[in-house]
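Residue 1 is where the sequence shown starts when you use full-length UniProt numbering, and the numbers rise one by one after that. All C-beta atoms, glycine included, are put in the ideal place defined by N, C-alpha and C. All values reported here derive from a predicted model rather than from experimental measurement.
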Amino acid sequence: MSATADVQGISEFFATPPGPAKDPTDGTVAVAVQPSDMVGICHVEGRQFTVKTHYLDKPAEPLSDAAMSRIFHIHIKEALPGDILVFMTGQESIQGLQKMVEDTAERLPNDVPKMLVLPLYAALPQEAQQRVFNPAPRFTRKVILATNIAETSVTVPGVRFVIDGGKSKVKRFHNTLGFESLVGKAISKSSADQRKGRAGREAPGQCYRLYTEKSYNELEPQMSPEIQRSNLSSAVLAIKARDLDTSSGGMDDIRFFPFLTPPSDDALERACLQLHWIGALDAKTGKITPLGRQIARMPLPPQLGRVVLEAAKPERDCLRDVIDIVACLSVESIFLPAETEDAREKAAEARSQLFRRSGDHMTLLATKAALERFSAIMIARSDGKPGDRPRSSEKSEDFHSNVKGILKCMLRGRAKHR
Numbered sequence: 001m002s003a004t005a006d007v008q009g010i011s012e013f014f015a016t017p018p019g020p021a022k023d024p025t026d027g028t029v030a031v032a033v034q035p036s037d038m039v040g041i042c043h044v045e046g047r048q049f050t051v052k053t054h055y056l057d058k059p060a061e062p063l064s065d066a067a068m069s070r071i072f073h074i075h076i077k078e079a080l081p082g083d084i085l086v087f088m089t090g091q092e093s094i095q096g097l098q099k100m101v102e103d104t105a106e107r108l109p110n111d112v113p114k115m116l117v118l119p120l121y122a123a124l125p126q127e128a129q130q131r132v133f134n135p136a137p138r139f140t141r142k143v144i145l146a147t148n149i150a151e152t153s154v155t156v157p158g159v160r161f162v163i164d165g166g167k168s169k170v171k172r173f174h175n176t177l178g179f180e181s182l183v184g185k186a187i188s189k190s191s192a193d194q195r196k197g198r199a200g201r202e203a204p205g206q207c208y209r210l211y212t213e214k215s216y217n218e219l220e221p222q223m224s225p226e227i228q229r230s231n232l233s234s235a236v237l238a239i240k241a242r243d244l245d246t247s248s249g250g251m252d253d254i255r256f257f258p259f260l261t262p263p264s265d266d267a268l269e270r271a272c273l274q275l276h277w278i279g280a281l282d283a284k285t286g287k288i289t290p291l292g293r294q295i296a297r298m299p300l301p302p303q304l305g306r307v308v309l310e311a312a313k314p315e316r317d318c319l320r321d322v323i324d325i326v327a328c329l330s331v332e333s334i335f336l337p338a339e340t341e342d343a344r345e346k347a348a349e350a351r352s353q354l355f356r357r358s359g360d361h362m363t364l365l366a367t368k369a370a371l372e373r374f375s376a377i378m379i380a381r382s383d384g385k386p387g388d389r390p391r392s393s394e395k396s397e398d399f400h401s402n403v404k405g406i407l408k409c410m411l412r413g414r415a416k417h418r
């Protein structure tokens, strides 16, 4: 059982027959339905070794300095084998700490084991992520600097020591402003326990928390569900497209849908307004429009799906460019992260030639065109054999192909009905 799963909430959801929380016609609360006792919970315990927990006596600032101090304390004090897993907030903090640790490790005495510092975050190329799973060379300790991707998504073998910074970045949608942002905040108790468990997967381990025991006791039990801090326009459109929001009386209202964790009325209202603005929902009835059904078939956020459909009109004559831009927007970043300061400076200089004053979208289009030209040259030099491509480029190309394929099917459907 995952330490971060709200098992009781899931059990209660499936045990309770679906029904509206309130009648939107008069605002009265519906009669509560008694939950069924036919849903049980099966606990399957995994193997877990004892993990000793250490806390700080007082809060540490900045976090990177406290993490670095603890890394070298463990490295010098504890014998091999035993790799170190450090939880940081994001890519920038990881790259900064990596440079600090590597610079200091170069000055260690020869009788101290060497250090192999490896970053691990979602935007990292696949081959770079894979390095953390490879065994360390002889007389070397791996130090993995990771975001919360290493909390539940992957298990890194060889880890005996965990350093928990106590913070993570979460995506939050601002309903009043209409955009998403990544905000750093304290983790929950369940996340802290999950991080601690990474030190005891293969043998007894130790967890060093870079915060006080009092701070741990004040953490929230669980992180707020993603549905309560995300843009709901895609979810609402998918529900509308499948006619899942209709009550027994035939009334269309998204509030009738049985969410596992109901979002706020403000978030649902904002999502419906966004869909109305792009023509996906009828303003009077709240029903999905024919255009909305077309948008729902696109593997895109509704706003981008609407842009692609508009670009598909013959009079626009810009479909290929728009698909290129949308494909670039579908990945976290089309630019690969540079691992050293020197590489970052060279990358910034090279990217400056791609920047366009007309905006970020034109910069993405120019970058995609430059990549195609470069790929054609490399294929020609390698006798027509395509070489390895960055993971972000492959994802962008896959998205490009998917959107084009769906558009072709939709256009064929239009032709049949004429």
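Presumed contact (8 Å Cβ cut-off) between residue i and residue j, rounded CB distance
| i | j | result |
| --- | --- | --- |
| I334 | T367 | 6 Å |
| L219 | S188 | 6 Å |
| A238 | A296 | 6 Å |
| I94 | P119 | 5 Å |
| E180 | K171 | 6 Å |
| A67 | V86 | 6 Å |
| Q294 | L275 | So it is not a contact: roughly 13 Å between Cβ atoms. |
| D253 | G292 | Not really, about 16 Å apart at Cβ, beyond 8 Å. |
| A15 | V39 | 4 Å |
| A128 | E332 | Contact flag wrong, Cβ pair sits at about 14 Å. |
| S69 | L97 | With 8 Å as the limit, S69 and L97 do not qualify as a contact, their Cβ atoms being about 11 Å apart. |
| T261 | K58 | Not confirmed; about 36 Å, so no contact. |
Residue from the options whose Cα sits closest to the Cα of residue i
| i | options | result |
| --- | --- | --- |
| S215 | A370, E180, K167, E202 | K167 |
| V112 | R229, F139, L319, F14 | F139 |
| W277 | D265, F256, L304 | L304 |
| residue 437 | P225, A235, C207, I323 | Since the displayed the chain opens at 1 and closes at 418, residue 437 lies outside it and no answer follows. |
| P135 | E341, L145, P81, G286 | P81 |
| I163 | R141, A199, E332 | A199 |
| D360 | P221, C42, I325 | I325 |
| R160 | N175, T176, T147, V143 | V143 |
| C328 | L364, Q353, I379 | L364 |
| residue 419 | N110, R141, P109, P157 | The structure shown has nothing for residue 419, since the chain only spans 1 to 418. |
| L268 | A235, D282, E372, P299 | A235 |
| P301 | S190, A283, S330, N148 | S330 |
| M298 | A241, S224, S358 | A241 |
Enclosing beta strand (DSSP E) for residue i [first to last residue]
| i | result |
| --- | --- |
| V143 | 140-146 |
| L182 | 179-186 |
| D321 | Segment 319-329 is the alpha helix (DSSP H) holding D321; no beta strand (DSSP E) there. |
| I295 | Not the beta strand (DSSP E): I295 falls in the alpha helix (DSSP H), residues 290-296. |
| residue 438 | Nothing in the structure corresponds to residue 438, since the chain is present only between 1 and 418. |
| I76 | Run containing I76: none in the beta strand (DSSP E); it sits in the alpha helix (DSSP H), 63-77. |
| V86 | 83-87 |
Secondary structure of residue i, DSSP reduced to three states
| i | result |
| --- | --- |
| K284 | coil |
| A21 | Note that A21 scores a pLDDT of 48, beneath 50, so its modelled location is shaky; the value from the coordinates is reported in the next line. Coil. |
| residue 432 | Residue numbering for the chain in the displayed model covers 1 to 418; residue 432 lies beyond these limits and cannot be assessed. |
| T16 | coil |
| P119 | strand |
| residue 422 | In the structure as shown, the chain starts at 1 and stops at 418, and residue 422 therefore has no counterpart that could be examined. |
| C207 | strand |
| H174 | strand |
| residue 432 | Missing from the structure shown is residue 432; the chain here goes from 1 to 418 and no further. |
| G9 | helix |
| V132 | helix |
| V162 | strand |
| Q274 | helix |
| D333 | Here residue 333 is Ser; the residue named in the question, Asp, does not match the sequence. DSSP places S333 in coil when its eight states are reduced to three. |
| G305 | helix |
| T363 | helix |
| R47 | coil |
| Q126 | helix |
| E372 | helix |
| A311 | helix |
| V33 | Low confidence applies to V33: its pLDDT is 48, below 50, so where it sits in the model is not reliable, and the reading given next is rough at best. Of the three classes helix, strand and coil, the one that applies to V33 here is coil, per DSSP. |
Residue i: first and last residue of the uninterrupted alpha helix (DSSP H) it sits in
| i | result |
| --- | --- |
| R351 | 341-351 |
| T152 | 149-152 |
| V236 | 233-241 |
| V112 | Taken as a continuous stretch (DSSP letters only), V112 belongs to no alpha helix (DSSP H), as it is neither H nor E. |
| G197 | 189-197 |
| S230 | Where S230 is concerned, there is no enclosing alpha helix (DSSP H), given that its DSSP letter is neither H nor E. |
| N217 | 213-217 |
| V101 | 91-105 |
Chain C contact for residue i (CB, 8 Å cutoff)
| i | result |
| --- | --- |
| L232 | Of the protein chains in this structure there is only one, and it is not chain C. |
Say whether the region 71-88 touches the region 223-233, bearing in mind that this needs 3 or more beta-carbon pairs closer than 8 Å, one atom from each stretch. Note that the region 71-88 does not touch the region 223-233; fewer than 3 beta-carbon pairs, one per stretch, sit closer than 8 Å.
Report yes or no: do three or more beta-carbon pairs, one from the region 83-103 and one from the region 166-185, lie closer than 8 Å? Touching, yes, given that three or more Cβ pairs across the two stretches are closer than 8 Å.
Counting pairs of Cβ atoms below 8 Å between the region 41-52 and the region 195-207, do you hit three or more? Result yes; three or more Cβ-Cβ pairs closer than 8 Å.
Inspect the CB distances between the region 147-157 and the region 191-201 and report whether three or more fall short of 8 Å. The answer is yes - the region 191-201 touches the region 147-157, with three or more Cβ pairs under 8 Å.
Does the region 316-326 come into contact with the region 357-372, if we say contact requires no fewer than three beta-carbon pairs (one atom in each stretch) closer than 8 Å? With the rule of 3 Cβ pairs closer than 8 Å, the region 316-326 counts as touching the region 357-372.
Under 8 Å, with one C-beta from each stretch per pair, do the region 96-104 and the region 115-132 reach the 3-pair mark? Contact between the region 96-104 and the region 115-132 is present, because at least three Cβ pairs lie under 8 Å.
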